[in-house]
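Worksheet for the structure shown next.
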Amino acid sequence: MNWLRHDSDISEGDMKTLFFQNHGTSRILSLSKRSGFSTRERFWNLSGESEWQSWLNAGHLKDSNGADSTLNVLFCGRVEKSGPDPLIVARLPFPKHIFDQVRAEFRVHGSVARVINRNTRCTFMHMPYQYTEDSGDIALVYNCRTAVTWPLDMAVSVSFSPKTLTTYAVVYGCDKKNADLLMRKLTGTDHPVFHPMLLPTLLADIERERQVGFLRENSVKMDQLTVDLTINKGIEGPDAISQPNQSKQLIELWQDMSYLKNGLKNWQRQIQKMAIHLEQSFDTMIQDSTCYDVDVQKSLENLAVPRVRIQKRLEELVDEYNEHIRDCATVTEGLNLAMSMDTRTTNQEIAHSSLEVSTLAQKDGSLMKSIAIVSMFFLPATFTSTFFSMDFFDWPKAADAIGTGYIWVYFVVATVLTLITVGLFRFRGRRDDKATEGSMV
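Numbering (our numbering), first residue to last: 5 to 445.
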């Protein structure tokens, strides 16, 4: 029920979702722009409780030196673990009492704890808030987070003072590579003032590179798997994959691509929310209102140039994500087509094998029928000859005769028995055929 509260404190329950440890290096960048002067750049690398306490006691960020616009960014070092850690962004490289002072120094709103904790989803949120340190000035608060579905997720909290055009930002889970990239981008900007949406937009750029990298990697794997299922099917080679491993790889790739497609859509939605906010943000104030201030109005008018650039970049990102989502769908549909073709080929092979088995069975049936017919004629004659060869038959025969004159009895009896056997076979066969036809009707 934390949505009912609007203060900047972090509740006890939300504080338990953050993990503090006294090791790891953080970097601080302070940029100040003043008309007619070059940008003032200051850098600090802090590690350990003593260095943090000395820096906080010095009050470096209070020295604005008459700047028209100031940007103060804290890059919280990423506390790496030996294995995957879904809570890596929630691990802060300083003790809790240092974090309490950092919150006050960088105007960190308490809502960032909930944003960091909800690591399975990407988020962009904004709200107005008045800090006690900035009396009479309503600040803009931004919280932005990328999903932990893939490695190197990050989060950003921003507080912007329209009266002084001062931006305070904290980047969570920022490794050295991304910290160097962000510092290079921020120090190289030629914007006349620092827009508060600069950090969220840069985070959107970093997230795009992360997701597109996974899209390209999975696309190559799925293209190869599609070729293996179609063109290279049945070809044996040193790189051939067994059927169980291929099925496992197929399922894993399909799941990864499905998650990635959903992730692309979700992050595109957050970028669209950023663009909508830029269109609706108060870079102008209503005259005759109680909050109208001429000096603040002039300061806000300076945000027009960077706002247009950021708006254009966000629109480009939205268009790019449309293309990447279509690419993701195309690759997935291609794999589905390959699976369908593979299934069709397998079914054709099964049907062909079944046809061959049926043909062989038909041949075997014909042979068995021939054997049965021969046996049907041969067995009665064999029975007759065996019967008449018994000892109790004493057939008289003429002297010096080789055979008896009663040989005709054998042929008559054998013929009669054969006719009876064939007749019974035909009668029983027709009876069975009629019974079969009746059951089919």
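Where is the CB? At the ideal position from N, CA and C, for every residue including glycine.
Worksheet item: Would you report the Cα separation of proline 132 and threonine 170, rounded to the nearest angstrom?
Response: The alpha-carbon of proline 132 is positioned some 15 Å away from that of threonine 170.
Fill in: Distance between aspartate 346 and aspartate 227 (C-alpha atoms, nearest Å)
Cα atoms of aspartate 227 and aspartate 346: separation of roughly 15 Å, rounded to the nearest angstrom.
Worksheet item: Does the stretch 115–122 come close enough to the stretch 35–54 that 3 or more CB-CB pairs lie under 8 Å?
Response: Not touching, per the Cβ criterion.
Worksheet item: Alpha carbon to alpha carbon, what distance is there between methionine 201 and lysine 277?
Response: Spanning the two alpha carbons is a distance of roughly 12 Å.
Worksheet item: In terms of alpha-carbon separation, which member of Ala208, Leu341 and Val309 lies closest to leucine 268?
Response: Proximity to leucine 268 across Ala208, Leu341 and Val309 peaks at Ala208, based on C-alpha coordinates.
Discussion item. Tell me whether serine 115, by its Cβ, gets closer than 8 Å to a heavy atom of the ligand SAH.
Written reply: As for the ligand SAH, it is missing from this structure, which has no ligand bound.
Worksheet item: Could you give the distance in angstroms between the alpha-carbon of phenylalanine 218 and the alpha-carbon of glutamine 253?
Response: One C-alpha to the other measures close to 16 Å.
Worksheet item: Taking C-alpha atoms, which residue in Asp89, Lys100, Ser39 and Ser34 lies nearest to histidine 27?
Response: Out of Asp89, Lys100, Ser39 and Ser34, Lys100 has the C-alpha closest to the C-alpha of histidine 27.
Item to complete: Answer with buried or exposed for serine 34, where buried requires no fewer than 16 other C-beta atoms within 10 angstroms of its C-beta.
Response: Buried, by the Cβ-count rule.
Fill in: Proximity of alanine 143 and serine 161 at Cβ, strictly below 9 Å
Contact flag unset, no.
Item to complete: Decide if the stretch 38–45 is in contact with the stretch 57–73; the criterion is three or more beta carbon pairs, one per stretch, under 8 Å apart.
Response: With a cut-off of 8 Å, the stretch 57–73 and the stretch 38–45 count as touching, because enough Cβ pairs lie within range.
Discussion item. I need the boundaries of the alpha helix (DSSP H) containing asparagine 61, first residue and last residue.
Written reply: Per DSSP, the unbroken alpha helix (DSSP H) holding asparagine 61 starts and ends at 53–62.
Worksheet item: Quick one: what does DSSP say asparagine 340 is sitting in, helix, strand or coil?
Response: DSSP places asparagine 340 in helix when its eight states are reduced to three.
Worksheet item: Roughly how many angstroms separate the alpha carbons of glutamate 84 and isoleucine 14, rounded to a whole number?
Response: For the pair glutamate 84 and isoleucine 14, the Cα-to-Cα distance works out to about 25 Å.
Discussion item. Within a Cβ cutoff of 6 Å, which residues of the same chain sit near valine 417, ignoring the five residues on either side of it in sequence?
Written reply: Within the same chain, Thr388 come within 6 Å of valine 417 by CB-CB distance, once the 5 residues on both sides are set aside.
Item to complete: With a 10 Å radius around its C-beta and 16 neighbouring C-beta atoms as the bar for buried, classify tryptophan 412 as buried or exposed.
Response: By the C-beta density criterion, tryptophan 412 is exposed, having fewer than 16 other C-beta atoms within 10 angstroms.
Worksheet item: At which residues does the beta strand (DSSP E) containing phenylalanine 218 begin and terminate?
Response: Here phenylalanine 218 belongs to no beta strand (DSSP E); instead the alpha helix (DSSP H) covers 202–233.
Worksheet item: With DSSP run on the structure shown, which of helix, strand or coil describes methionine 158?
Response: Coil, per DSSP.
Worksheet item: So who's on the other strand from glycine 81, going by DSSP bridges?
Response: According to DSSP, which records beta bridges pairwise, glycine 81 is partnered with Cys178.
Discussion item. Comparing C-alpha positions only, which one of Leu91, Gln272 and Glu360 sits nearest to lysine 20?
Written reply: Minimum Cα distance to lysine 20 is reached at Leu91.
Discussion item. Distance check for threonine 422 and threonine 386, CA to CA, integer angstroms please.
Written reply: For threonine 386 and threonine 422, the distance between alpha carbons rounds to 11 Å.
Worksheet item: When the Cα atoms are used, what is the spatial distance from phenylalanine 24 to valine 145?
Response: Roughly 24 Å separates the two Cα atoms.
Worksheet item: Which partner residues does arginine 330 have in the DSSP bridge list?
Response: Its beta-bridge partners do not exist; DSSP assigns none.
Worksheet item: How about aspartate 179 and leucine 156: are their beta carbons less than 9 Å apart?
Response: A contact, by the Cβ cut-off of 9 Å.
Worksheet item: So what does cysteine 148 bridge to, in DSSP terms?
Response: Looking at the DSSP assignment, cysteine 148 forms a beta bridge with Phe128 and Val160.
Discussion item. Once the 5 residues before and after arginine 317 are set aside, which same chain residues still bring their CB inside 7 Å of it?
Written reply: Taken in chain order, the residues that qualify are Thr205.
Item to complete: Measuring alpha carbon to alpha carbon, tell me which of Ile377, Ser165, Ser223 and Asp232 ends up nearest glutamine 301.
Response: With distances taken between Cα atoms, glutamine 301 lies closest to Ser165.
Fill in: Boundaries (first-last residue) of the beta strand (DSSP E) holding lysine 37
Lysine 37 -> beta strand (DSSP E) spans 29–37.
Worksheet entry | Spatially closest choice to tyrosine 135 from Glu221, Arg107, Val335 and Thr191, by CA coordinates | Residue nearest to tyrosine 135 within the set Glu221, Arg107, Val335 and Thr191 is Arg107 (criterion: CA-CA distance).
Worksheet entry | Cβ-based burial, leucine 307 [other Cβ within 10 Å; buried from 16] | Per the 10 Å Cβ criterion, buried.
Discussion item. Tell me which residue opens and which closes the alpha helix (DSSP H) that isoleucine 102 is part of.
Written reply: First-last of the alpha helix (DSSP H) with isoleucine 102: 100–109.
Discussion item. Please return the same chain residues whose Cβ sits closer than 6 Å to the Cβ of glutamate 16, not counting the five positions on each side in sequence.
Written reply: Counting only Cβ-Cβ distances below 6 Å, and skipping sequence neighbours, we find nothing.
Practice prompt. Kindly give me the distance between the Cβ atoms of glutamine 274 and valine 322, rounded to whole angstroms, as I take these residues to be in contact under 8 Å.
Written response: In this structure glutamine 274 does not touch valine 322 by the C-beta definition: roughly 10 Å separates them, more than the 8 Å allowed.
Fill in: Delimiting residues of the alpha helix (DSSP H) encompassing glycine 17
It spans 16–19 - the alpha helix (DSSP H) in which glycine 17 sits, taken as one unbroken run.
Worksheet item: Between the C-alpha atoms of tyrosine 263 and threonine 234, what's the straight-line distance to the nearest angstrom?
Response: Computed Cα separation, rounded: 25 Å.
Worksheet item: Pick from Val197, Pro196 and Ile255: whose alpha carbon is nearest that of lysine 225?
Response: That would be Ile255, whose Cα lies nearest to the Cα of lysine 225.
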